[in-house]
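> Heads up: the sequence shown begins at 1 in the UniProt record's numbering, then just goes up one per residue.
Each residue gets a CB set at the ideal place from its N, CA and C atoms; glycine is no exception.
If you're wondering where the values come from, they're calculated on a predicted model, not measured in any experiment.
A single structure is presented below for examination.
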Amino acid sequence: MILGLRQAKTISQFATSDAQVQDVTRVSRMLKMEGTFFLILLGMGGVTLAILSYRDYKRALLITDFFSTVTHEMKTPIATLQLQVEGLLNEEPAPEVSKKLQKILKENRRIESRMDKAFYLASLMQGEGLFIESVSILSILDSLKTEFPLKIQEPFIDELVKADRKAVESIFLNLFENSLRHGKASQIIIQIEKTDQEEMLIKIQDDGIGFSGNKASLTVPFKRHSTTSGTGIGLYIAKKLMDKMSGFLKIHETHPGFSLTLGFKLS
Numbered sequence: 001m002i003l004g005l006r007q008a009k010t011i012s013q014f015a016t017s018d019a020q021v022q023d024v025t026r027v028s029r030m031l032k033m034e035g036t037f038f039l040i041l042l043g044m045g046g047v048t049l050a051i052l053s054y055r056d057y058k059r060a061l062l063i064t065d066f067f068s069t070v071t072h073e074m075k076t077p078i079a080t081l082q083l084q085v086e087g088l089l090n091e092e093p094a095p096e097v098s099k100k101l102q103k104i105l106k107e108n109r110r111i112e113s114r115m116d117k118a119f120y121l122a123s124l125m126q127g128e129g130l131f132i133e134s135v136s137i138l139s140i141l142d143s144l145k146t147e148f149p150l151k152i153q154e155p156f157i158d159e160l161v162k163a164d165r166k167a168v169e170s171i172f173l174n175l176f177e178n179s180l181r182h183g184k185a186s187q188i189i190i191q192i193e194k195t196d197q198e199e200m201l202i203k204i205q206d207d208g209i210g211f212s213g214n215k216a217s218l219t220v221p222f223k224r225h226s227t228t229s230g231t232g233i234g235l236y237i238a239k240k241l242m243d244k245m246s247g248f249l250k251i252h253e254t255h256p257g258f259s260l261t262l263g264f265k266l267s
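Written out as structure tokens, the structure is:
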């Protein structure tokens, strides 16, 4: 539009007759109208885009809040069921009954793991913080020995780290479940080290089939790498949780087997 007005002005300077002046004026008026109409359309399009984007943002917040609420409400009955099954197991029932109770406990723990993933995914999307405290990594690993074939190598370093206990439990559960279900591992070896940078390193290595693809893709959300059941968000959530705890998750190039390192700040 500006270029057209400049051209019209230049032409008018050289116009010598009334007809030429009228033609130039008509062209100038037409250019102004077209330019104004274009600017109005552009403005309306921008406003419409902003409104639609805001609606999508609000809808995403509502969906995230819904999943967060549902997962939180489901935690109570899941925890109650686990306590009841554990109480029945403590009464030393018959071997056949004990076997069924163990299966119920295992499936209940799987449901809890899935709910934890959904809860932490919703929390990460909402930008919620974690409850950072002094946590014993060794005590968490010891509590998981009855569920997973863990072999913790000496020395048994039991210093406290800065972390969210529930988040650390969720990370370990996800990693160990991946080793057994997707990697077909029979043993998970864990080595704990303390560095000069006031960090604790947890090195995890299994004897499964490993992963031969691009390791960077393992932390891409909703991308599944096997035909077995899974959501494709486990390692993504684990990495994000480690970042929020000022730590890190590093996947190593190992095949066969799968290996990674978790880094925590000492308390």
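Residues in its own chain within less than 7 Å of residue 269 by CB, not counting five upstream and five downstream?
With the chain covering only 1 through 267, there is no way to say anything about residue 269.
> Residue 261 by DSSP, collapsed to three states: which one?
Reading the sequence shown from its first residue, position 261 is the one you call residue 261. In this structure, residue 261 counts as strand in the three-state DSSP scheme.
> Going by C-alpha distance, which of 110, 174, 79 is nearest residue 141?
Within the sequence shown, numbered from 1, the residue matching residue 141 stands at position 141. Among 110, 174, 79, the Cα nearest to that of residue 141 is on 174.
> Let me check understanding here. Comparing Cα to Cα, which of 246, 121, 211 lies closest to residue 233?
Residue 233 sits at position 233 when you count from the first residue of the sequence shown. For the residues 246, 121, 211, the minimum Cα distance to residue 233 belongs to 121.
> Between which residues of its own chain and residue 153 is the CB-CB distance below 6 Å, once the five residues before and five after are set aside?
The residue given as residue 153 occupies position 153 in the sequence shown. Contacts found: 191.
> Excluding five sequence neighbours on each side, which residues of the same chain lie with their C-beta closer than 8 Å to the C-beta of residue 266?
Within the sequence shown, numbered from 1, the residue matching residue 266 stands at position 266. Cβ within range, chain order: 159, 160, 161, 162, 194, 198, 199, 200.
> Terminal residues of the continuous beta strand (DSSP E) containing residue 200?
Residue mapping note: residue 200 aligns to position 200 of the sequence shown, counting from 1. 199 to 206 is the span of the beta strand (DSSP E), which, as asked, contains residue 200.
> My output table needs one value for residue 150: the three-state DSSP class, helix, strand or coil.
Taking the sequence shown and counting its residues from 1, the one referred to as residue 150 is at position 150. Here residue 150 sits in strand by DSSP.
> Could you pull out every residue in the same chain whose Cβ sits closer than 7 Å to the Cβ of residue 130, ignoring the five residues on either side in sequence?
On the sequence shown, position 130 is the one that residue 130 refers to. Closer than 7 Å at the Cβ level, and outside the excluded window around residue 130, lie 164, 167, 244, 245.
> Output needed for residue 37: all residues of its chain with C-beta closer than 8 Å, excluding positions within five of it in sequence on either side, in chain order.
Within the sequence shown, the letter at position 37 stands for residue 37. None.
> Quick check: what's the CA-CA separation for residue 300 versus residue 82?
Since the first residue of the chain shown is 1 and the last is 267, residue 300 is not available in this structure.
> So is residue 256 in contact with chain C if we call contact Cβ pairs under 8 Å?
Looking at the structure shown, chain C is missing, and only one protein chain is on hand.
> To the nearest angstrom, how far is it from the Cα of residue 139 to the Cα of residue 59?
In the sequence shown, the residue the question calls residue 139 occupies position 139. In the sequence shown, the residue the question calls residue 59 occupies position 59. In a straight line, the C-alpha of residue 139 is about 41 Å away from that of residue 59.
> To which residues of the same chain is residue 240 closer than 6 Å at the C-beta, ignoring the five residues directly before and after it?
As a first step, residue 240 must be located in the sequence shown, where it is residue number 240. Closer than 6 Å at the Cβ level, and outside the excluded window around residue 240, lie 124.
> Got a sec, what are the start and stop residues for the beta strand (DSSP E) residue 248 sits in?
As a working mapping, residue 248 is identified with position 248 in the sequence shown. 248 to 251 is the span of the beta strand (DSSP E), which, as asked, contains residue 248.
> With residue 252 and residue 260 assumed to form a contact (beta carbons below 8 Å), what rounded beta-carbon distance in angstroms separates them?
Counting from one through the sequence shown, the residue named residue 252 turns up at place 252. Counting from one through the sequence shown, the residue named residue 260 turns up at place 260. The Cβ separation is near 6 Å, so the contact holds.
> Would you report the Cα separation of residue 15 and residue 27, rounded to the nearest angstrom?
Within the sequence shown, the letter at position 15 stands for residue 15. Within the sequence shown, the letter at position 27 stands for residue 27. Legend: pLDDT at residue 15 = 48, less than 50; position of this residue unreliable, no value from coordinates given.
> By a C-beta neighbour count over all protein chains shown, 10 Å radius and 16 as the cutoff for buried, is residue 44 buried or exposed?
The residue given as residue 44 occupies position 44 in the sequence shown. The residue in question, residue 44, is exposed, as its Cβ has fewer than 16 Cβ neighbours within 10 Å.
> Going by DSSP in three states, residue 112 sits in which element: helix, strand or coil?
The residue you call residue 112 lines up with position 112 of the sequence shown. In this structure, residue 112 counts as helix in the three-state DSSP scheme.
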